[in-house]
Amino acid sequence: MRDEELVEGLRHGDERAFRILYREYAGKIGSIARSYLGSDDVDDVVQDVMLRIFKSIRKFKGDSKLSTWIYRIAVNVCKDYLAKYKRRSEILTDFTEDEEHPSQHPVSEIDTEETVTGELEYERIMDALEKLSPEDRLLIKLRDVDGLSYEEISKIVSKPIGSVKSSLHYARKRLKRLLEEARE
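Position 53 of the sequence shown, counted from 1, bears residue number 53 in full-length UniProt numbering, the numbering being contiguous throughout.
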């Protein structure tokens with residue numbers, strides 16, 4: 001379903017359109033929430049974003065891509081959550097634990113070594129990302145993970161393209177420094 005058809009379906013309360021919206025965007029919204037908040041409130045954020053989309057779809061003018069508009073809503077909801085946490089002086093904690101799934105097939109020593117090395121590298125990257133500011137994490141996620149254009153990111157974070165490029169450059173430098181420190 002094209003964006004225009006999806007928007008029209010949402011405006012007319014089409015249940016199929018809402019299912020498509022959820023299927024297409026819930027994971028992306030959750031990913032933004034995880035990168036921005038680093039917490040376990042992802043389901044609440046997704047629900048709040050979907051509710052805001054439902055309430056304001058009639059106001060969507062089509063000046064930007066639907067995905068950009070939705071990402072912008074997601075960022076605003078995440079900012080609201082951060083403000084709420086700051087007011088309550090809560091510490092954001094990620095309670096997810098790595099679940100070990102024992103393999104049912106024997107694994108060679110080389111496979112095991114590669115797996116362990118990959119997991120250690122992943123942990124080092126995730127630890128370094130957690131040390132970045134929410135804005136730095138968001139920029140890196142939107143550009144380097146989701147592959148959005150600078151123009152789309154600019155609309156999402158409400159900053160000029162030049163500022164987005166500059167902020168992303170420095171965020172990447174901070175991440176690189178943190179990764180180098182972790183190797184020492």
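For every residue, glycine included, the Cβ atom is placed at its ideal position computed from N, Cα and C.
Residue environment for Ser158: exposed (fewer than 16 other C-beta atoms within 10 angstroms of its C-beta).
Distance from the Cα of Lys61 is smallest, within the candidate group Leu21, Lys86 and Asp3, for Asp3. Counting C-beta atoms within 10 angstroms of its own C-beta, Tyr81 has 16 or more neighbours from the protein chains shown and is therefore classed as buried. Classified as exposed, Ser56 has fewer than 16 neighbouring CB atoms from the shown chains inside 10 Å of its CB. The beta carbons of Tyr25 and Ile156 sit no closer together than 9 angstroms. Within the UniProt domain "RNA polymerase sigma-70 region 2" (21-88), the runs of alpha helix (DSSP H) at least 4 residues long that lie entirely inside it are, in chain order, 42-56 and 66-88. Straight across, the Cα-Cα distance linking Lys79 with Glu135 is about 10 angstroms.
Here Tyr150 has Ile161, Val164 and Lys165 as same chain residues with Cβ atoms under 7 angstroms from its own Cβ, once five neighbours each way along the sequence are excluded. DSSP places Gly9 in the uninterrupted alpha helix (DSSP H) bounded by Asp3 to Arg11. Sequence-distant partners of Leu6 (beyond 5 residues in either direction) whose C-beta falls short of 7 angstroms from its own C-beta, in its chain, are Ala17, Ile20, Leu21 and Leu66. Per DSSP, the continuous alpha helix (DSSP H) segment holding Lys155 begins and ends at Tyr150 to Val157. Rounded to whole angstroms, Ala74 and Asp127 show a C-alpha spacing of 23 angstroms. Counting along the chain, Ser163 sits inside the alpha helix (DSSP H) bounded by residues Ile161 to Arg183. Ranked by Cα distance from Arg183, the options Asp146, Leu142, Arg137 and Ile125 are led by Ile125. DSSP places Asp146 outside both helix and strand once states are collapsed to three, so it counts as coil.
Residue environment for Leu139: buried (at least 16 other C-beta atoms within 10 angstroms of its C-beta). Secondary structure at Leu132: coil, using DSSP grouped into helix, strand and coil.
Exclusion of the five residues before and after Val46 leaves Ala26, Ile29, Gly30 and Ala33 as the residues of its chain whose Cβ lies within less than 8 angstroms of its Cβ.
Rounded to whole angstroms, the separation of the alpha carbons of Leu10 and Leu179 is 44 angstroms.
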